[in-house]
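Colleague:
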Amino acid sequence: MNTSFDSSELIHRQTRKHIQHNEPHYSSPSPTSPPKQTTNKIITNIPFILIGLTISSLFFYTFPLTKPYPTTHYPESSSSSSSLFSLPTRRILLEEPTTNTGGSGSGGGGGGIMTRVPGGVRGKRKRVVVTGGAGFVGSHLVDRLIERGDSVIVVDNMFTGRKDNLLHHIGNPNFELIRHDVVQPILLEVDQIYHLACPASPVYYKFNPTNVMGTLNMLGLAKRVGARFLLTSTSEVYGDPLQHPQAETYWGHVNPIGVRSCYDEGKRTAETLAMDYHRGAGIEVRIARIFNTYGPRMCLDDGRVVSNFVAQALRKEPLTVYGDGKQTRSFQYVSDLVEGLMRLMEGEHIGPFNLGNPGEFTMLELAQVVQETIDPNAKIEYRPNTEDDPHKRKPDISKAKELLGWQPTVSLREGLPRMVADFRQRLSGESKGSVSAA
Ligand SMILES: NC(=O)c1ccc[n+]([C@@H]2O[C@H](COP(=O)([O-])OP(=O)(O)OC[C@H]3O[C@@H](n4cnc5c(N)ncnc54)[C@H](O)[C@@H]3O)[C@@H](O)[C@H]2O)c1
Numbered sequence: 001m002n003t004s005f006d007s008s009e010l011i012h013r014q015t016r017k018h019i020q021h022n023e024p025h026y027s028s029p030s031p032t033s034p035p036k037q038t039t040n041k042i043i044t045n046i047p048f049i050l051i052g053l054t055i056s057s058l059f060f061y062t063f064p065l066t067k068p069y070p071t072t073h074y075p076e077s078s079s080s081s082s083s084l085f086s087l088p089t090r091r092i093l094l095e096e097p098t099t100n101t102g103g104s105g106s107g108g109g110g111g112g113i114m115t116r117v118p119g120g121v122r123g124k125r126k127r128v129v130v131t132g133g134a135g136f137v138g139s140h141l142v143d144r145l146i147e148r149g150d151s152v153i154v155v156d157n158m159f160t161g162r163k164d165n166l167l168h169h170i171g172n173p174n175f176e177l178i179r180h181d182v183v184q185p186i187l188l189e190v191d192q193i194y195h196l197a198c199p200a201s202p203v204y205y206k207f208n209p210t211n212v213m214g215t216l217n218m219l220g221l222a223k224r225v226g227a228r229f230l231l232t233s234t235s236e237v238y239g240d241p242l243q244h245p246q247a248e249t250y251w252g253h254v255n256p257i258g259v260r261s262c263y264d265e266g267k268r269t270a271e272t273l274a275m276d277y278h279r280g281a282g283i284e285v286r287i288a289r290i291f292n293t294y295g296p297r298m299c300l301d302d303g304r305v306v307s308n309f310v311a312q313a314l315r316k317e318p319l320t321v322y323g324d325g326k327q328t329r330s331f332q333y334v335s336d337l338v339e340g341l342m343r344l345m346e347g348e349h350i351g352p353f354n355l356g357n358p359g360e361f362t363m364l365e366l367a368q369v370v371q372e373t374i375d376p377n378a379k380i381e382y383r384p385n386t387e388d389d390p391h392k393r394k395p396d397i398s399k400a401k402e403l404l405g406w407q408p409t410v411s412l413r414e415g416l417p418r419m420v421a422d423f424r425q426r427l428s429g430e431s432k433g434s435v436s437a438a
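Per the UniProt record's numbering, residue 1 is the first one in the sequence shown, and the count goes up by one each step.
(1) Using three-state DSSP, classify E346 as helix, strand or coil.
(2) Identify whether V190 lies in helix, strand or coil by the three-state DSSP scheme.
(3) Kindly give me the distance between the Cβ atoms of V128 and V190, rounded to whole angstroms, as I take these residues to be in contact under 8 Å.
(4) Quick one: using the 10 Å Cβ neighbour count with 16 as the cut-off for buried, is P173 buried or exposed?
(5) Report yes if the C-beta of G214 is less than 7 Å from at least one heavy atom of ligand 1; otherwise report no.
(6) According to DSSP, is Y263 helix, strand or coil?
(7) Hey, which unbroken runs of the alpha helix (DSSP H) at 4 residues or more fall wholly within the segment 379-414?
(8) Between the C-alpha atoms of I257 and G171, what's the straight-line distance to the nearest angstrom?
(9) So what does DSSP say about R297, is it helix, strand or coil?
(10) State buried or exposed for N157, treating a residue as buried only when at least 16 other CB atoms are found within 10 Å of its CB.
(11) Rounded C-beta distance between N354 and Q246? I'm assuming under 8 Å.
(12) Spell out whether any CB of chain B is found under 8 Å from the CB atom of G258.
(13) Which residue from I193, G239, G295 puts its Cα closest to that of G415?
(14) Is N357 near ligand 1, in the sense that its beta carbon is under 7 Å from a heavy atom of that ligand?
(15) So, helix, strand or coil for G340, using DSSP?
(16) Tell me which residues share the same chain as H25 and place their Cβ nearer than 8 Å to its Cβ, disregarding the 5 neighbours each side in the sequence.
(17) If I153 and I178 are in contact, beta carbons under 8 Å, what's the gap, nearest whole angstrom?
(18) Just to confirm, are K262 and F136 a CB contact at a threshold of 8 Å?
(19) I need the boundaries of the alpha helix (DSSP H) containing T215, first residue and last residue.
(20) Work out the CA separation of P417 and V155 for me, nearest whole Å.
(21) The alpha helix (DSSP H) with S139 in it runs from where to where?
(22) Which whole-angstrom value describes the C-beta separation of L196 and G252, a residue pair presumed to lie in contact below a C-beta threshold of 8 Å?
(23) Can you check DSSP and say which residues form a bridge with Y322?
(24) Less than 8 Å between the beta carbons of V370 and F309, yes or no?
(25) Tell me the DSSP secondary structure of D240 in three-state form.
(26) So for I51, helix, strand or coil by DSSP?
(27) With a CB to CB cut of under 6 Å and the five nearest residues on each side skipped, what residues in its chain are close to K379?
(28) Going by the beta-carbon positions, is the gap between R393 and S307 smaller than 8 Å?
(29) Comparing the CB of L341 with every heavy atom of ligand 1, is any distance shorter than 7 Å?
(30) Can you tell which of T293, G239, R228 has the C-alpha that lies nearest to the C-alpha of G138?
(31) Rounded to the nearest angstrom, what separates residue 442 and Y333 at their Cα positions?
(32) Give a yes or no on whether the C-beta atoms belonging to L219 and I283 are separated by under 8 Å.
(33) Give a single yes or no on whether A200 has its beta carbon closer than 7 Å to a heavy atom of ligand 1.
(34) Verify the contact flag: I287, CB atom, against every heavy atom of ligand 2, threshold strictly below 7 Å.
(35) Can you give the Cα-Cα distance for Y250 and L231, rounded to whole angstroms?
(36) Roughly how many whole angstroms lie between the Cα atoms of R304 and M363?
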């Protein structure tokens with residue numbers, strides 16, 4: 001007992017000694033006067049309490065526990081393939097219906113669940129981006145979308161496109177033209193993306209590997225803003241086909257290392273990317289496999305057979321036929337294609353859908369139609385065939401007929417004169433603007 005008391009007493013004395021040593025200015029508290037001790041303590045700590053209150057107020061002001069508005073999350077860059085299936089982030093689109101947030105930021109493979117502004121709030125006008133909209137097919141598509149009352153943004157690097165094709169829309173508040181290369185990401189608030197950007201002719205596509213990176217960026221954009229995405233693929237995915245006519249179920253016969261492969265395999269990869277984004281990230285995609293299309297505004301000298309023959313006949317040059325001229329193609333007028341693309345975009349089916357005219361012509365038969373339309377005396381000149389030139393091409397369009405209610409309506413003999421009128425005008429240097437496909 002005593003021992004215990006002694007040790008406690010010892011501790012008490014040592015503590016008091018310690019306090020006295022360290023705090024010489026204050027009298028040691030008397031055990032017989034507790035109220036005075038408490039009051040002294042409070043007075044002593046007032047400056048510290050005030051400093052504490054000030055710091056905590058500043059902290060909560062700077063970092064509030066709840067935010068007044070939902071956060072907008074900008075995910076990582078599209079170029080990162082690792083972001084393809086990144087965890088979803090929630091994004092609320094607060095912009096006005098026709099506002100676009102402009103070109104900064106990434107087209108992004110990131111992103112995730114979008115909370116779209118409800119259709120009723122946003123109004124009925126769709127915000128549509130058309131990549132490659134200054135080109136042949138794209139410009140005709142833009143005409144139809146503007147005519148329907150949509151708000152259209154064209155994204156084009158003018159590689160094979162021409163401003164002339166869109167001159168008639170300049171000044172229209174529902175139309176914007178952005179010069180941009182889709183191999184770089186871009187951020188736009190839109191409801192639908194028609195992805196056409198890609199040089200389509202052999203003369204140009206060898207120099208511009210747009211398909212993979214461009215498609216990846218546009219799919220990234222679709223994912224970020226929750227837009228529906230339509231890919232303009234091609235009959236070239238069937239290669240030199242072993243099945244005739246080609247149905248969508250046919251997987252193709254493509255040389256992966258030939259001179260055409262950058263285009264053929266590029267489009268096949270683009271289709272793969274579209275389906276992966278659909279399956280992995282829930283993007284609404286549509287795939288069109290376009291067969292040879294012709295019409296006004298085609299490039300004059302881009303190496304495609306119809307434009308070649310027409311330009312040659314108008315210039316009084318011989319029509320160049322490669323090989324024996326017995327290889328076949330089918331030729332679709334551009335207004336038929338645009339109708340098919342719009343039906344596909346608005347419909348509920350992903351595809352792929354063949355969009356082409358099943359009328360099949362040999363190159364010599366096509367040359368004959370061109371002679372009849374332009375110059376019966378036009379000569380034919382044979383040249384060695386190009387590498388990997390497909391022997392036959394003809395679409396089976398049963399699927400598009402059944403599910404899109406679509407089929408071409410303009411025959412070659414009806415459509416060719418419309419194209420010839422445009423080419424004649426441009427070749428004679430008389431083109432003042434553009435012409436319509438109708
Ligand atoms: N016309 C056909 O017969 C045909 C057949 C099959 C598929 N397609 C596809 O349809 C689409 C349109 O073809 P088209 O005949 O109108 O060709 P086009 O060459 O007239 O148009 C392509 C447009 O894309 C633009 N472009 C090219 N690379 C770009 C890039 N990196 N960034 C931005 N813009 C770029 C060009 O400047 C041009 O305006 C292409 O994707 C093509 O592969 C066309």
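Note that the Cβ used here is the ideal one computed from N, Cα and C, for glycine as well.
Modeller: Put simply:
(1) Note: E346 maps to helix in three-state DSSP.
(2) Coil at V190, not helix or strand.
(3) Right, the Cβ-Cβ distance comes to about 6 Å (below 8 Å), so this counts as a contact.
(4) P173 counts as exposed, since fewer than 16 other C-beta atoms from the protein chains shown sit within 10 angstroms of its C-beta.
(5) In this structure, ligand 1 has a non-hydrogen atom nearer than 7 Å to the beta-carbon of G214.
(6) Looking at Y263 - three-state DSSP - the assignment turns out to be helix.
(7) For the segment 379-414, whole alpha helix (DSSP H) runs of length 4 or above, ordered along the chain, are 398-404.
(8) Linking I257 to G171 through their CA atoms gives a straight-line distance of about 45 Å.
(9) Note: R297 maps to coil in three-state DSSP.
(10) With 16 or more Cβ atoms within 10 Å of its Cβ, N157 is classed as buried.
(11) Taking the Cβ atoms as the reference, N354 lies roughly 7 Å from Q246, within the contact range of under 8 Å.
(12) In the displayed structure, chain B is absent; only one protein chain is listed.
(13) Of all alpha-carbon atoms in I193, G239, G295, the one lying nearest the alpha-carbon of G415 is that of G295.
(14) No.
(15) Residue state, collapsed to three classes: helix.
(16) With a pLDDT of 37 at H25, under the threshold of 50, the modelled position of this residue cannot be trusted, and the question is left open.
(17) Right, the Cβ-Cβ distance comes to about 6 Å (below 8 Å), so this counts as a contact.
(18) The sequence shown places Cys at residue 262, rather than the Lys named in the question. Judged by their CB atoms, C262 and F136 are not nearer to each other than the 8 Å cut-off.
(19) For T215, the enclosing alpha helix (DSSP H) has its first and last residue at 211-225.
(20) The straight-line gap from Cα to Cα measures roughly 30 Å.
(21) Element bounds for S139: 136-148.
(22) Not really, about 21 Å apart at Cβ, beyond 8 Å.
(23) R383, per the DSSP bridge assignment.
(24) Contact: yes.
(25) Here D240 carries a coil assignment [DSSP, helix/strand/coil].
(26) The three-state reading of DSSP puts I51 in helix, counting H, G and I together.
(27) Annotation for K379: P318 place their beta carbon closer than 6 Å to its own, counting only its chain and skipping 5 residues before and after.
(28) Not a contact, by the Cβ cut-off of 8 Å.
(29) With a cut-off of 7 Å, the C-beta of L341 is classified as distant from ligand 1, since no heavy atom of the ligand falls inside that distance.
(30) From the listed residues T293, G239, R228, the smallest Cα separation to G138 is found for T293.
(31) No answer is possible for residue 442: the residues shown for the chain start at 1 and end at 438.
(32) In this structure, I283 lies closer than 8 Å to L219 by Cβ.
(33) The answer is yes for A200.
(34) Among the ligands present in this structure, namely ligand 1, ligand 2 is not found.
(35) Going from the Cα of Y250 to the Cα of L231 covers about 18 Å.
(36) Cα to Cα, R304 sits roughly 12 Å from M363.
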